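> This is the structure I want to talk about, given as structure tokens.
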Amino acid sequence: MHQVSKEVVREYGEAYHAFGLNRVMGHVVGLLLSSEEPLSLDEICSELGRSKGPISQIMRRLLERNLVRKVLSQENSRKDYYEIHPRAFENAFRNHAERIRNNIRIAKRLKAVLKESGVAMPMLSQRLSEMEEFFTLMHKFHEEFLNAWQAQKEQATSKRNGKSK
């Protein structure tokens, strides 16, 4: 593995770990980001010095989150090959946005539980309201960001297509 690729793998591992995610998952994402060609599960394991079981589980999770994708096998191989999803960054952001929506649902549900209980807990009520407001505003900004990102991508695509004509 090239030194730059090693640095990408290391940095992604640290970034994932900082977000409370699996460091090795970050290593896999970094490896696929830096790879010019799709890699088989065996190649990923070899490059990272890891056993197949944990990497296989990580690949399933990354596939579920649309951060990587399977591609056609190379040279009639029966192995699965993987590459970074072309929209990996956007999909990671969308995954984060889903966690934010879940926090809104949690706040609403707990506010309803508190109200139905009839127990006076003004501080908890205030904190749950603040939680709902905070994540609702964050969700709004996420949506605005995704709309702006989509517009920017469309503009870049238009420019590329205009230049190639």
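Everything in the sequence shown is counted per this note's numbering, starting at 10 for the first residue and increasing by one.
Built from N, CA and C at the ideal position, the CB exists for glycine as well.
The model shown is predicted, which means the values in this text are computed figures rather than measured ones.
Compute the beta-carbon to beta-carbon distance between Ser43 and Val17, rounded to the nearest angstrom, for a pair I have assumed lies under 8 Å.
Along the sequence shown, read from residue 1 onward, the residue named residue 43 stands at position 34. Along the sequence shown, read from residue 1 onward, the residue named residue 17 stands at position 8. Yes, they are in contact, since the Cβ atoms of Ser43 and Val17 sit about 4 Å apart, within 8 Å.
> Is the stretch 111-124 touching the stretch 143-158, taking contact as three or more C-beta pairs under 8 Å?
Yes: the two stretches touch, three or more of their Cβ pairs being nearer than 8 Å.
> If you check the beta carbons only, do Glu92 and Arg70 fall under 8 Å apart?
Counted from its first residue, the sequence shown places residue 92 at position 83. Counted from its first residue, the sequence shown places residue 70 at position 61. In this structure, Arg70 does not lie closer than 8 Å to Glu92 by Cβ.
> Please report the Cβ distance between Ala101 and Leu76, rounded to the nearest whole angstrom; I am assuming they are in contact, meaning their Cβ atoms lie under 8 Å.
Mapped onto the sequence shown, residue 101 falls at position 92. Mapped onto the sequence shown, residue 76 falls at position 67. Indeed, because the Cβ distance is near 6 Å, the residues count as touching under 8 Å.
> Measuring alpha carbon to alpha carbon, tell me which residue in Lys124, Met132, Leu41 is nearest Met68.
To locate residue 68, count along the sequence shown from 1; it is residue 59. Of the listed residues, the one whose Cα sits closest to Met68 is Leu41.
> For chain D, find out if any of its Cβ atoms is closer than 8 Å to the Cβ of Ser44; answer yes or no.
Any reference to chain D falls outside this structure, which holds one protein chain only.
> Roughly how many whole angstroms lie between the Cα atoms of Ala129 and Leu155?
On the sequence shown, residue 129 is found 120 positions in, with the first residue counted as 1. On the sequence shown, residue 155 is found 146 positions in, with the first residue counted as 1. In a straight line, the C-alpha of Ala129 is about 40 Å away from that of Leu155.
> Verify whether the separation of the beta carbon atoms of Ser49 and Lys88 is less than 8 Å.
Position 40 of the sequence shown, counted from the first residue, corresponds to residue 49. Position 79 of the sequence shown, counted from the first residue, corresponds to residue 88. Yes, they are a contact pair.
> Look up Ile93 in the DSSP assignment and give the residues it is bridged to.
Reading the sequence shown from its first residue, position 84 is the one you call residue 93. Beta-bridge pairing links Ile93 to Val77.
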